[in-house]
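Engineer:
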Amino acid sequence: MTHQHTSPFTDPAAVARYVDGPRRNVPGYDSLLRMSRILLAERVPADGRVLVVGAGGGLELEDMARAHPGWRFDGVDPSQPMLDLAAQRLQSAGVPGDRVALHHGYVQSAPAGPFDGATCLLTLHFVPREERVPMLEEIRRRLKPGAPLVVAHLSAADGSGAGGEGGAGERGLWLSRYAAFQVASGVPPEHAARARDKIAAELAVLTPQEDEAILREAGFTDVQMFYMGFAFRGWVASAC
Numbered sequence: 004m005t006h007q008h009t010s011p012f013t014d015p016a017a018v019a020r021y022v023d024g025p026r027r028n029v030p031g032y033d034s035l036l037r038m039s040r041i042l043l044a045e046r047v048p049a050d051g052r053v054l055v056v057g058a059g060g061g062l063e064l065e066d067m068a069r070a071h072p073g074w075r076f077d078g079v080d081p082s083q084p085m086l087d088l089a090a091q092r093l094q095s096a097g098v099p100g101d102r103v104a105l106h107h108g109y110v111q112s113a114p115a116g117p118f119d120g121a122t123c124l125l126t127l128h129f130v131p132r133e134e135r136v137p138m139l140e141e142i143r144r145r146l147k148p149g150a151p152l153v154v155a156h157l158s159a160a161d162g163s164g165a166g167g168e169g170g171a172g173e174r175g176l177w178l179s180r181y182a183a184f185q186v187a188s189g190v191p192p193e194h195a196a197r198a199r200d201k202i203a204a205e206l207a208v209l210t211p212q213e214d215e216a217i218l219r220e221a222g223f224t225d226v227q228m229f230y231m232g233f234a235f236r237g238w239v240a241s242a243c
């Protein structure tokens with residue numbers, strides 16, 4: 004698996020803005036973090052090891068490390084500046100360095116594990132459709148049988164009517180709601196409009212049905228949606 008798509012977080016200005024971005028862009032972001040670690044904790048033991056895919060920035064690493072002081076983490080991200088930001092954040096939060104190992108690269112750069120659980124938050128929508136199954140297979144191979152994977156990313160109906168979520172212009176409607184949420188969070192309207200148009204033109208935003216099918220194709224079972232925030236969806240699944 005090559006998985007060499009360009010990271011959107013190589014620009015220093017984008018890295019500097021990242022800390023505030025998820026809360027402006029993602030409805031219920033802080034609750035999404037809490038729900039994610041609650042789902043992991045159902046099966047990850049008190050001294051468990053967790054793989055964090057797309058760990059740059061360190062927001063979910065800090066959240067999980069504070070809530071579960073016995074967990075150890077391996078985080079992987081293709082953006083070194085974002086990993087540097089994560090390291091700074093964890094150090095400021097007082098998280099001991101021996102609890103977190105950060106790896107520059109893609110999933111195949113992560114240790115073989117086996118891990119007790121994994122997260123992939125706000126990452127898969129940057130991955131082309133044809134690369135998602137191989138990427139998720141790499142995650143699954145690193146998980147213990149039955150270990151949980153929590154994913155959340157942009158996922159919206161395509162307007163085709165498939166699966167009961169269709170209707171003319173439905174994807175555009177959800178992306179407009181995404182932009183409206185940004186504006187309500189303090190983003191200038193023109194910036195929110197550009198972000199919406201960029202997503203529509205450049206990101207591989209799949210339907211929820213496609214996302215669930217990809218998880219199953221990659222070898223995950225018991226796929227359950229637990230989160231929906233306008234154009235974002237989140238699932239928890241189990242490794243075979």
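So the sequence shown is numbered by our numbering: it starts at 4 and just counts up by one.
Think of the CB as a built atom: it goes at the ideal place given N, C-alpha and C, for glycine as much as any other residue.
Under DSSP, the alpha helix (DSSP H) around Gly175 begins and ends at which residues?
Structural biologist: Walking along the sequence shown from the start, residue 175 turns up at place 172. Element bounds for Gly175: 173–187.
Engineer: Tell me, please, which residues DSSP counts as bridged to Thr122.
Structural biologist: As a position in the sequence shown, residue 122 is number 119, starting the count at 1. Thr122 pairs with Val55, Val153.
Engineer: DSSP beta-bridge partners for Asp33?
Structural biologist: Here residue 33 corresponds to residue number 30 of the sequence shown, with the count starting at 1. Asp33 pairs with nothing; no bridge assigned.
Engineer: On the premise that Ala150 lies in contact with Arg37, defined as a C-beta separation below 8 Å, what is that separation, rounded to the nearest angstrom?
Structural biologist: Residue 37 sits at position 34 when you count from the first residue of the sequence shown. Residue 150 sits at position 147 when you count from the first residue of the sequence shown. That pair is no contact at about 20 Å.
Engineer: So what does His107 bridge to, in DSSP terms?
Structural biologist: Working through the sequence shown from its first residue, we reach residue 107 at position 104. The partner list for His107 (beta bridge, DSSP) reads Asp80.
Engineer: Between the alpha carbons of Gly170 and Glu213, how many angstroms are there, rounded?
Structural biologist: Translated into the one-based positions of the sequence shown, residue 170 becomes position 167. Translated into the one-based positions of the sequence shown, residue 213 becomes position 210. Confidence is the limiting factor: at Gly170 the pLDDT is only 44, short of 50, which leaves the residue's position unreliable and the question unanswerable from this model.
Engineer: Nearest to Glu65 by CA position, among Arg26, Arg135, Val98, Ala113, is which residue?
Structural biologist: Your numbering for residue 65 matches position 62 in the sequence shown. Residue Val98 is the option with its Cα nearest to Glu65.
Engineer: For Gln185, collect the residues of the same chain with a Cβ closer than 7 Å to its Cβ; drop the 5 residues on either side in sequence, then sort them by chain order.
Structural biologist: Here residue 185 corresponds to residue number 182 of the sequence shown, with the count starting at 1. Around Gln185: Arg27, Asn28, Ala195, Ala198.
Engineer: Which class does Val98 belong to by DSSP, given the choice of helix, strand or coil?
Structural biologist: Taking the first residue of the sequence shown as 1, we reach residue 98 at position 95. Three-state result, Val98: coil.
Engineer: Compute the minimum distance between the beta carbon of Tyr181 and the heavy atoms of the ligand FMN, and state whether it is under 7 Å.
Structural biologist: Looking for the ligand FMN in the displayed structure turns up nothing, as the structure carries no ligands at all.
Engineer: Measure the Cβ-Cβ separation of Ala203 and Leu218 and say whether it is below 8 Å.
Structural biologist: Here residue 203 corresponds to residue number 200 of the sequence shown, with the count starting at 1. Here residue 218 corresponds to residue number 215 of the sequence shown, with the count starting at 1. Taking 8 Å as the Cβ cut-off, Ala203 and Leu218 do not qualify as a contacting pair.
Engineer: Classify Ile41 as buried or exposed, calling it buried when 16 or more other Cβ atoms lie within 10 Å of its own Cβ.
Structural biologist: As a working mapping, residue 41 is identified with position 38 in the sequence shown. Result: exposed.
Engineer: Would Val130 pass as a contact of His106 if the rule is Cβ separation under 8 Å?
Structural biologist: Translated into positions along the sequence shown, residue 130 becomes position 127. Translated into positions along the sequence shown, residue 106 becomes position 103. No. Outside cutoff.
Engineer: Which residues in the same chain have their Cβ closer than 7 Å to the Cβ of Gly51, if we skip the five residues on either side of it in sequence?
Structural biologist: Residue mapping note: residue 51 aligns to position 48 of the sequence shown, counting from 1. Excluding sequence neighbours, Gly51 sits near Trp74, Asp119, Gly120.
Engineer: Using only the alpha-carbon positions, how far apart do Val226 and Pro81 sit?
Structural biologist: Reading the sequence shown from its first residue, position 223 is the one you call residue 226. Reading the sequence shown from its first residue, position 78 is the one you call residue 81. C-alpha separation (whole angstroms): 27 Å.
Engineer: Give me the Cβ distance between Leu209 and Ser158, rounded to the nearest whole Å; I'm assuming they're in contact under 8 Å.
Structural biologist: Within the sequence shown, numbered from 1, the residue matching residue 209 stands at position 206. Within the sequence shown, numbered from 1, the residue matching residue 158 stands at position 155. Here Leu209 really is in contact with Ser158; their C-beta atoms are around 6 Å apart, less than 8 Å.
Engineer: Should Glu193 be labelled buried (16 or more other beta-carbon atoms within 10 Å of its own) or exposed?
Structural biologist: Within the sequence shown, numbered from 1, the residue matching residue 193 stands at position 190. Classification for Glu193: exposed.
Engineer: Tell me whether Ser39 is buried or exposed, calling it buried when 16 or more other Cβ atoms sit within 10 Å of its Cβ.
Structural biologist: Taking the sequence shown and counting its residues from 1, one reaches residue 39 at position 36. It is buried - the Cβ of Ser39 has at least 16 other Cβ atoms within 10 Å.
Engineer: Classify Met231 as helix, strand or coil using the three-state DSSP reduction.
Structural biologist: The residue you call residue 231 lines up with position 228 of the sequence shown. DSSP places Met231 within a strand segment (E or B) once states are collapsed to three.
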